[in-house]
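Residue numbers (this note's numbering): -5 to 771.
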């Protein structure tokens, strides 16, 4: 376990530099309620409250929309619909298929029809109910199988391949085929979607948006208003959680608020409540994964073919990149010699699915882990032995299905270390002994790896900027394009600046992310926040440091090499002065004390047509052991123990990274076991509140939760201070819990048959899998 106690700082170290385990910069504000989120900002005089009316139908023509009674309702100031948009009726990230308001057709239940701005939210809600909507009902397509049968694609299918999978399958001594269904997941952030728009002069607007992607919100809001991007400024200090749900989804909320502000000249706030948020916004993509695998008697895969089918919803959103990443991670940590991966992106009349922590990677990885279990139970082997036999190895076993060489593989050593320290073999034997004597309760255990590629797979997004000001008292203000959603990005980047300038962290002030300070930024996503923004901030700090060093050398008449930055002071030959004293002298000599930094990730490239290249700068690795106890009468289970060993390179902040490791596992555990999204045949989401949608709670976390950062970790690539990304990879550690459930159920068939368990493994699905196992001849 990580020692979170603060150790005494060495005299030759600054306070709060890199690799120091510091609490989140807003941690105390979070728990005391002092942290300001958008809904906490003081409300400007004359603020309008906005409510969005939603479609009750999943698929229908929109023959008429009578809003006359809405406009005249008490308290109503403005009503806006598609015809009132001065610019583009679109807030899509790429394909132009996400209207702000439905115009001629509704494509999912919950789609925005119009918005009401009133003096208070109650009046806006009441007025919206007075609308008369004339629908022409049409039959909706709700699930993957129906979409497959109808051939309704939102994007073209795509293939990655290496070698000849069909021939390898035909020649393999053993073959298996199967299907795994993987459910979606709601982001369930604590702070829902919200935007506050403040009108300015000349049609300008400032939007406080709870978004991971301020620049995209800026550009899309400008497009809706029919204004250039410079007329819109988007600002966000922090989000109460994002997980990908605030990458593309906030644009709709911000655009409606900005439209009302522009039309009325009054500030406008749009805040979705939980039910409306869950109905209106996208989720993790649910998948159907079909596989066929050929293997030898030792369980080594000789040939494999995957067919991945994703429910994308009514529009493309980010489904192309998400489904691509599911393909990139169909190998997880395993070498697949002869492989074919086909991906199908299906259109349904449900909310458009979107980014979610892992961005398709978890679905792809769950597919190959199901294959590992299938092979193991077919051969009567320990699933860990099959996993170990198929890991990437040295020369000849180090190329991915997309032809990228794996040069930094640490999984064999990491998994062996975890296997030993978790007592995996002894506990596996104990579980099997327990199951032989227990007819109702069954124990299961599994150790699974994680190999996760780090970079945006859309190459041009791998860039970042930062802006650094040093004031004459030696204090520093930092701004960059990354956004804070609780993951600790701000504290990490501030630590980088403190380290570069050799000043205590308390001198560095973190400011709200703003498109008015750092332009054209990428979303804080793809686990790249610290990598990109840390490097950009480092470059800005080094620019300032070089200027100060040149000045000090000239001022004191010493060679440049004689200037040294030490903790909170600078030495120029025999001259010693504090950092702030040097800054004051530099200012008097008219040395610029502000600098912009920029970074773009090197080495990466991707040829989509050929499906080959290097889409990732490096890989992050980890492994987890989960042990579960299943009640075969009720289908309920208890997670009894978890052991995690995770590689974060040389951690920038071990305390923050450990929080990501532990929290990521729990969120993944919820996705795979309890968080069930269910639409009825009419296309209406029925699990749209905490009463019907079960996220993990504190009591679901086992008392024995042993997580450790791998002390041998070090990034071979020149990432920021040789650290590794930690935002998304830990979520996939929870696959071990799903595989442990599979292991427990397999005991009913003496471990010689694969339980047909789909995700999430709710009690109902556990019972269905048990029933299928017991019905075998």
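In this text, a Cβ means the ideal position worked out from N, Cα and C, and glycines have one as well.
Residue i, DSSP secondary structure in three states
i, result
"residue 615", "strand"
"residue 275", "coil"
"residue 754", "coil"
"residue 465", "coil"
"residue 592", "strand"
"residue 583", "coil"
"residue 300", "strand"
"residue 759", "helix"
"residue 665", "helix"
"residue 713", "coil"
"residue 791", "No statement about residue 791 is possible, as the shown extent of the chain runs from -5 to 771 and does not include it."
"residue 486", "helix"
"residue 418", "helix"
"residue 233", "coil"
"residue 362", "helix"
"residue 173", "strand"
"residue 429", "helix"
"residue 72", "strand"
"residue 262", "strand"
"residue 603", "coil"
"residue 574", "helix"
"residue 491", "helix"
"residue 212", "helix"
Cβ-based neighbour list, residue i, same chain, cut-off 6 angstroms, excluding 5 preceding and 5 following
i, result
"residue -3", "Any reading at residue -3 must be qualified, since the residue scores a pLDDT of 40, below 50, and its modelled position is unreliable; the value itself is stated next. Here the set comprises nothing."
"residue 760", "629"
"residue 624", "436, 631, 738"
"residue 121", "64, 67, 70, 110"
Length of the line joining the Cα atoms of residue i and residue j
i, j, result
"residue 754", "residue 179", "9 angstroms"
"residue 665", "residue 446", "18 angstroms"
"residue 766", "residue 136", "26 angstroms"
"residue 476", "residue 296", "43 angstroms"
"residue 402", "residue 609", "15 angstroms"
"residue 764", "residue 453", "45 angstroms"
"residue 712", "residue 426", "46 angstroms"
"residue 619", "residue 107", "48 angstroms"
"residue 419", "residue 560", "50 angstroms"
"residue 269", "residue 682", "5 angstroms"
"residue 150", "residue 339", "7 angstroms"
"residue 266", "residue 653", "28 angstroms"
"residue 252", "residue 489", "35 angstroms"
"residue 362", "residue 733", "11 angstroms"
"residue 508", "residue 518", "13 angstroms"
"residue 336", "residue 303", "8 angstroms"
"residue 613", "residue 727", "15 angstroms"
Residue i - containing beta strand (DSSP E), residue span
i, result
"residue 179", "Element bounds for residue 179: n/a, residue is neither H nor E."
"residue 106", "106 to 112"
"residue 647", "Premise fails: residue 647 is in no beta strand (DSSP E) and is neither H nor E."
"residue 473", "470 to 474"
"residue 445", "435 to 448"
"residue 48", "42 to 48"
Same chain, Cβ closer than 8 angstroms to residue i, neighbours up to 5 away in sequence not counted
i, result
"residue 493", "8, 11, 12, 715"
"residue 96", "49, 56, 76, 105, 106, 107"
Any chain C beta carbon closer than 8 angstroms to residue i
i, result
"residue 704", "Considering every chain present, this structure includes no chain C. It has just one protein chain."
Delimiting residues of the alpha helix (DSSP H) encompassing residue i
i, result
"residue 720", "First-last for residue 720: undefined, no H or E at that position."
"residue 251", "244 to 258"
"residue 635", "Segment 631 to 640 is the beta strand (DSSP E) holding residue 635; no alpha helix (DSSP H) there."
"residue 729", "729 to 740"
Spatial neighbours of residue i in its chain, beta-carbon cut-off 7 angstroms, leaving aside the 5 residues before and after
i, result
"residue 731", "620, 622, 633, 663, 666, 667"
"residue 387", "329"
"residue 690", "660, 663, 664, 668"
"residue 467", "574"
"residue 696", "633, 634, 635, 636"
Specify whether the region 125 to 133 and the region 49 to 61 touch according to this definition: at least 3 beta carbon pairs, one from each stretch, less than 8 angstroms apart. yes
Contact the region 350 to 370 vs the region 315 to 334: 3+ CB pairs below 8 angstroms: yes
Any 3 or more C-beta pairs closer than 8 angstroms across the region 504 to 514 and the region 457 to 464: yes
Are there three or more Cβ pairs, one per stretch, closer than 8 angstroms when the region 233 to 243 is compared with the region 206 to 215? yes
Report yes or no: do three or more beta-carbon pairs, one from the region 283 to 303 and one from the region 157 to 173, lie closer than 8 angstroms? yes
Is the region 379 to 393 close to the region 437 to 444, with three or more CB pairs under 8 angstroms? yes
Is the region 221 to 238 close to the region 199 to 206, with three or more CB pairs under 8 angstroms? yes
Whether or not the region 523 to 537 and the region 551 to 565 are in contact is what I'm after, with contact meaning three or more pairs of Cβ atoms, one per stretch, closer than 8 angstroms; do they touch? no
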